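Same order as they appear, the protein sequences are chains F and R. Here numbering that gives the first Met the number 0 is used: the first residue of the first sequence is 0, the next is one more, and so on. Here numbering that gives the first Met the number 0 is used: the first residue of the second sequence is 0, the next is one more, and so on. Read the structure below first, then the notes.
Protein chains: 2
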Amino acid sequence: MTSAAPTTSSRDLPHPARADIRLEGVLHALSDPMRLGIVRELAADTGRELSCSQFALPVTKSTTTHHFRVLRESGVIRQIYRGTAKMNGLRRDDLDALFPGLLDSLLAAADRQATRLGVPG
Amino acid sequence: MTSAAPTTSSRDLPHPARADIRLEGVLHALSDPMRLGIVRELAADTGRELSCSQFALPVTKSTTTHHFRVLRESGVIRQIYRGTAKMNGLRRDDLDALFPGLLDSLLAAADRQATRLGVPG
């Protein structure tokens with residue numbers, strides 16, 4: 000036995016398998032401006048994981064937790080505990096395999112809308 | 000004066016202008032399996048208008064009306080009264096202008112999922 004705790008533990012959060020991800024669930028997850036913003040930030044930082052606290056969301060901690068949970072349960076993001084931090088990463092491989100081109104189309108549409116409305120991208 | 004009633008009348012239904020259509024609203028509208036199915040049917044019949052009653056939805060009339068209203072209010076479809084029938088058409092021009100490629104990506108993703116799950120397309 001080693002003294003290092005395994006990265007995955009009983010605190011593992013439930014994630015849908017790739018085959019259980021549904022388009023409707025993904026669209027629902029992205030239909031909220033805050034969740035769409037989170038996904039845009041994760042997509043901008045290719046492959047990097049970000050902790051929930053790195054997102055400066057103008058809502059309570061419990062609302063933040065809720066938004067990340069919706070994204071995780073729909074299969075859009077993967078959340079992994081690293082120590083006390085919950086780290087978040089986009090499930091790009093899974094989404095691209097299921098729906099080729101969709102994520103990029105959605106991100107492009109979100110960029111375009113942000114530019115059109117003059118809000119920060 | 001002519002005896003023909005104008006196509007548009009006081010019974011006109013409210014639609015968002017193109018500039019008021021929001022990506023989040025479109026995604027919310029498409030996040031329901033029944034509404035996504037309606038949009039796929041409208042897209043398959045390019046340019047054709049279909050009346051609400053042409054959709055054989057396994058729900059009550061009021062639920063059907065609700066789903067069409069969500070699609071209209073989000074800017075996904077246009078609903079026009081023709082006589083006593085409410086006719087529905089996809090706002091493809093508006094959606095393509097705002098979010099180039101997005102509608103086709105969404106329809107392709109929905110087709111792919113239907114094939115994968117073995118449900119009627």
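Where a beta carbon is used, it is the ideal one built from N, C-alpha and C, also for glycine. Remember, predicted model here, so these are calculated numbers, not experimental data.
Which bits of chain F does A108(R) rub up against, with CB to CB less than 7 Å? L22, F98, L101
Does the beta-carbon of A109(R) have 16 or more other beta-carbons within 10 angstroms, so that it is buried, or is it exposed? buried
Identify each residue in the stretch 23-37 of chain R for which the Cβ-Cβ distance to at least one residue of chain F is less than 7 Å, and report them in chain order. E23, L26, H27, L29, S30, D31, P32, L35
7 Å Cβ shell around G100(F) - same chain, five flanking residues per side excluded: none
contact_flag[the stretch 20-31 of chain F, the stretch 59-78 of chain F] where n(CB pairs < 8 Å) is 3 or more: yes
Between which residues of its own chain and A96(F) is the CB-CB distance below 8 Å, once the five residues before and five after are set aside? R17
Would you mind reading off the limits of the alpha helix (DSSP H) that contains R115(F)? 101-116
Please check the pair L89(F) and A42(F), which I expect to be a contact at CB under 8 Å, by giving their CB distance rounded to whole angstroms. 6 Å
Determine the direct distance from the alpha carbon of C51(R) to that of H66(R), and round the result to whole angstroms. 10 Å
Span separating the alpha-carbon of E48(R) from that of I20(F): 32 Å
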